[in-house]
Structures are given as structure tokens and as C-alpha cells.
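Engineer:
Chains as they are written, first to last, in the numbering used here: chain A, 49 to 184; chain B, 11 to 311.
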């Protein structure tokens with residue numbers, strides 16, 4: 049994980065905000081704030097849980113790239129309301145997809161064995177926050 | 011001058027094949043750019059020219075190095091201040107968990123009645139980390155449970171059409187304030203009542219954070235099964251948590267509840283202090299269901 053870049057993540061945040069705008073919710077501030085603070089929290093947690101530390105840019109880059117499925121969810125929100133059974137199921141599937149891929153990348157980058165589900169859970173919480181913004 | 015030579019170097023459209031004789035100002039930067047792993051697609055002469063002009067400009071270079079040194083200094087300062095207040099190594103002990111430990115501990119919090127051995131194991135005077143000892147406290151579960159509780163509150167309010175991000179912040183701050191007050195009260199009690207202080211602040215934070223697991227279960231059951239389910243889950247998790255805390259009473263130096271009520275023990279701890287320890291443990295245990303009810307009943311109407 050030596051090549052860490054933030055272009056993709058920032059682009060995805062912008063696209064997420066834009067698709068939320070198209071769905072009628074002007075929540076750019078919340079998107080950026082949530083992503084920054086969430087990245088900070090996960091960075092602190094990973095530094096405490098792993099034997100070798102990580103840099104903030106690395107964490108932000110991983111989390112940002114795994115945000116892409118959430119953009120799919122918010123584009124769905126443009127066409128139909130997600131406040132129903134199907135919307136909930138879709139949101140849960142997308143959250144699981146995002147967090148499993150993020151935790152897989154993190155555990156392979158930091159060689160933390162036996163902790164993939166433990167990393168997946170805070171990532172799922174973070175993406176759950178984004179899903180909350182998207183659905184409600 | 012600088013701009014003119016830069017412009018001249020971009021007569022050819024490809025960045026990778028640098029100009030045959032680049033002026034000295036552009037030597038390093040164009041080489042550095044072409045070796046980026048992602049590869050920089052050359053979209054057109056104008057865009058390439060602008061960025062290269064910025065990178066090659068000595069003022070921009072100086073500004074970038076100045077900025078990065080400021081950022082480095084800032085990070086250093088933050089680390090130093092943080093290390094003054096929080097010993098990161100001690101904190102790392104509480105986060106050395108793995109999935110098996112977390113699963114077993116959650117099971118223990120919900121059903122502690124069959125667990126036999128509650129002592130924390132030591133190895134050469136150092137307590138074993140949570141990975142190797144089920145009875146060791148950890149801070150991963152309380153932290154995750156707290157954040158899950160806040161999110162669950164947001165979801166519960168959203169289902170009842172009462173959601174807005176401000177309310178979420180309000181919920182989070184309320185819960186945080188209660189945690190801080192409880193830890194301070196426990197710290198005061200421990201300071202007054204015990205002789206040796208094996209219990210650091212993080213231990214108390216861990217033990218008082220375990221009630222959030224009970225809160226989450228109660229709210230979930232309340233959302234799924236209505237008011238009755240909520241009260242049943244509340245009763246179950248409260249009694250489990252009270253049993254759990256009472257099993258921890260050796261940490262508060264109460265020998266056993268029966269002998270503590272009889273008189274001073276062989277270690278010469280005077281009776282009033284023992285009574286204080288007993289009241290502290292009982293008070294901590296009785297406080298849990300109150301807190302669980304207080305922080306969740308408004309979510310399950």
C-alpha cells in the first residue's frame with residue numbers, strides 16, 4: 049500500500065454529494081464532514097489495534113475507494129424512495145459490500161490476522177452513516 | 011523566461027518523452043511525473059502545460075515544501091500533546107482483541123450465569139491481553155457499542171419520522187456526557203474506598219461501557235417486537251449486567267458479599283471501608299439498569 053492517492057476518494061465524495069443533490073437532499077457538508085471524521089476515527093482505531101501503524105492518507109484512500117457502492121445506492125435513491133423493505137435490504141447489502149472490501153484491503157495491508165470482522169464492523173458503521181444520509 | 015521555455019518544451023504532446031533538450035528548470039519535474047505508477051494520461055497540451063508550469067515554478071516548489079514541513083510540525087505537535095494525556099501503550103492493551111474474544115465476550119455479557127472462573131490471569135505480574143484471557147476488559151466492545159447505539163438511535167428516530175442530523179448529535183452528546191459522569195463517579199468511589207488501585211480509568215471506562223451492549227439489544231428487541239419485547243429485553247439484560255458487575259467485585263476488593271457483611275477481613279481492611287466497597291459495587295450494579303432505561307425508553311415509544 050505504498051501508492052496512496054486521494055484523487056479517487058475525493059471524486060467519489062463529490063459524486064455522492066451530487067447524486068444526493070439530484071435526489072433532493074443538499075447535504076454536501078454532512079458528506080464531507082462524515083467522511084473526514086469517520087476516516088479519523090478509523091485511523092485512530094487501526095493505530096490502536098494493529099502492531100504497525102498506518103498513516104491517515106492510507107486509511108482515507110482505502111475508505112474512499114470502497115465508498116463507490118454507496119454511490120450506486122444514492123443513484124438508486126434518485127429514481128425511487130428507499131424507505132421500504134426493498135430499500136432497506138438494498139442498503140444493507142451495499143453496506144456489507146463496502147465494509148467487507150474495505151476490511152479485506154486493510155487486513156491484507158496491515159497483516160492483522162483474525163481481525164477482519166472486527167475491522168469490517170466499524171467500516172460498516174461508517175458506511176451505515178452514509179446510508180442513513182442517503183435513505184432518510 | 012521560465013514560462014516561455016516551459017511552453018516551448020511542450021511543443022510535443024507527450025509528457026513521457028520529455029523534450030529533447032529540456033531547460034534546467036524542468037529537468038527533474040518532467041522525469042518525476044512520467045515515473046508515477048498510475049501513469050499520467052496526457053489529455054492535451056493546455057492542461058499538461060498548466061500543471062507543469064505550476065510544478066516547475068520555483069515559488070510553487072518552495073510553497074509546497076514549506077506547507078509540507080508545516081504539516082509535519084503540526085502532526086508532531088499533536089502527537090506530543092496526545093502522548094502527554096493518554097499513554098498509547100496502555101490503551102493498546104485494551105484493543106488487542108480478536109474475533110473469537112469478541113464473540114465470547116458478547117455471549118458472556120448476555121448470559122453470564124454459567125461462567126465459572128472470573129479471575130483475570132496474569133503472566134509475570136503483567137495482566138494478559140484480551141486476546142488470551144476472556145476475563146480481561148477491553149475497550150473495543152464499549153466503543154463499538156456506543157457508536158452502534160448512536161446510529162441505532164438515529165435509525166429508530168428515522169423509522170418514527172423524527173430524524174434529523176441535529177437530533178443524532180444530541181443523542182451522541184447526551185450519551186457521552188452520561189458516560190463521563192459515571193466514570194468520574196466510579197473514579198471517586200474507587201479513590202475513597204480501595205487501598206490498592208489496580209483499576210485504571212480505562213478499566214472503569216471499559217466496565218461502564220459494557221452496558222451499551224444491553225442498550226442495543228433492548229432497543230433492537232423493542233423495534234422488532236414492540237413495547238413488550240423492549241421491557242422483556244430490558245429486564246434480561248439488566249439482570250445479566252448486574253450479575254456481571256457483581257462478579258467483578260473482587261476488583262473493588264470486596265472479598266465476597268457474605269464475608270464482607272460480617273466484619274473486617276484478615277488483611278486488616280477496616281469495616282467501614284469494606285462497607286464502602288460493598289456499597290460501591292452494589293451501587294455500580296444497580297446503576298446499570300437505570301442508565302439503560304433512561305437512555306433508551308424515548309426511542310421505543
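Glycine included, every Cβ here is placed at the ideal spot set by N, Cα and C.
What is the DSSP secondary structure of residue 78 of chain A, reduced to helix, strand or coil?
Structural biologist: It is helical.
Engineer: Quick one: grab the DSSP three-state call for residue 102 of chain A.
Structural biologist: Residue 102 of chain A: coil per DSSP, three-state reduction.
Engineer: Flag this pair as yes or no: are the beta carbons of residue 240 of chain B and residue 228 of chain B separated by less than 7 Å?
Structural biologist: In contact: residue 240 of chain B and residue 228 of chain B (Cβ atoms closer than 7 Å).
Engineer: Using the DSSP secondary-structure output, state which residues sit across from residue 133 of chain B in a beta bridge.
Structural biologist: In DSSP, residue 133 of chain B forms a bridge with B:136.
Engineer: Given a threshold of 16 other Cβ atoms within 10 Å of its Cβ, counted over all protein chains shown, does residue 93 of chain B qualify as buried or as exposed?
Structural biologist: Exposed, because fewer than 16 other Cβ atoms sit within 10 Å of the Cβ of residue 93 of chain B.
Engineer: If you scan the segment 165-207 of chain B from start to end, which runs of the alpha helix (DSSP H) of 4 or more residues do you find wholly inside it?
Structural biologist: Qualifying alpha helix (DSSP H) stretches, in chain order: 175-203.
Engineer: Find out if the Cβ-Cβ distance for the pair residue 102 of chain A, residue 96 of chain A is shorter than 7 Å.
Structural biologist: No, Cβ-Cβ distance for residue 102 of chain A and residue 96 of chain A is not below 7 Å.
Engineer: Looking at chain A, is there any beta carbon in it that lies within less than 7 Å of the beta carbon of residue 151 of chain B?
Structural biologist: It does not: the Cβ of residue 151 of chain B has no partner Cβ on chain A nearer than 7 Å.
Engineer: Quick check: residue 225 of chain B and residue 159 of chain B, are their CB atoms within less than 7 Å of each other?
Structural biologist: Yes, the Cβ-Cβ distance between residue 225 of chain B and residue 159 of chain B is below 7 Å.
Engineer: Nearest to residue 186 of chain B by alpha carbon, out of B:197, B:135, B:156 and B:201?
Structural biologist: Looking at the Cα atoms, B:156 is the closest of the given residues.
Engineer: Quick check on the burial criterion: 16 or more other C-beta atoms within 10 angstroms. Buried or exposed for residue 50 of chain B?
Structural biologist: For residue 50 of chain B, the pLDDT reaches just 46, beneath the cut-off of 50, and the residue's location in the model is therefore unreliable, although a value from the coordinates is still provided. Exposed, by the Cβ-count rule.
Engineer: Residues of chain B with CB under 7 Å from residue 197 of chain A, in chain order?
Structural biologist: In the structure as shown, chain A starts at 49 and stops at 184, and residue 197 of chain A therefore has no counterpart that could be examined.
Engineer: Apart from the five residues on each side of it in sequence, which residues of its chain come closer than 7 Å, Cβ to Cβ, to residue 303 of chain B?
Structural biologist: Contacts found: 244.
Engineer: What does residue 162 of chain A touch in chain B if you count any residue whose Cβ is under 8 Å from its own?
Structural biologist: Going along chain B in sequence order, the residues near residue 162 of chain A (Cβ under 8 Å) are 108, 109 and 110.
Engineer: Please go through the same chain and pick out, in chain order, the residues whose beta-carbon is closer than 6 Å to the beta-carbon of residue 91 of chain A, but skip the five residues on each side of it.
Structural biologist: Here the set comprises 104 and 107.
Engineer: Can you look up residue 86 of chain B in the DSSP assignment and give me helix, strand or coil?
Structural biologist: Correct three-state label for residue 86 of chain B: helix.
Engineer: Strictly under 7 Å for the Cβ-Cβ distance: is residue 168 of chain B near chain A by that measure?
Structural biologist: Yes, because at least one Cβ of chain A sits closer than 7 Å to the Cβ of residue 168 of chain B.
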